[in-house]
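Going letter by letter, the sequence shown gives residues 1093 to 1177 in the working numbering.
We put the CB at the ideal spot given by N, CA and C, even for glycine.
Note that this is a predicted model, so its numbers are computed, not measured.
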Amino acid sequence: MANHKSALKRIRSNNAKRLLNRYQAKTTRTFVKRLRNTTDKAEAQELFKTVSGMLDKLAKKNVIHKNKAANNKSKLAKFVNSLAA
């Protein structure tokens, strides 16, 4: 167990950040799955805007790697464009 006050505070703040990061990453994965299961092009385009913003935010905060976010956005864009109107 930590002996310094600053170390105890760091443990608390790391845990709080970890929980928030897990929540946001899980929510983003859920939205990606929802987008993948969409067959309507208009709905998919709206969802894609939301999901790409979520991925960018996760990459900016280093929850996921920036290249992973870029790869996911690219694949999802191809999927949305392939949907029939």
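Between the options, which lies nearest to residue i when the distance is taken from Cα to Cα?
i	options	result
Asn1173	Leu1127, Lys1158, Phe1123 and Lys1101	Leu1127
Asp1148	Asp1132, Ala1117, Asn1129 and Leu1175	Ala1117
Leu1150	Ser1166, Asn1113, Ala1134 and Glu1138	Asn1113
Taking just the CA atoms, how far does residue j sit from residue i?
i	j	result
Ala1136	Ala1161	18 Å
Asn1107	Lys1153	16 Å
Ile1156	Val1143	14 Å
Thr1131	Thr1122	16 Å
Lys1170	Lys1141	13 Å
Leu1139	Lys1125	11 Å
Using three-state DSSP, classify residue i as helix, strand or coil.
i	result
Met1146	helix
Asn1107	helix
Which residues bound the alpha helix (DSSP H) around residue i?
i	result
Val1172	Lys1158 to Ser1174
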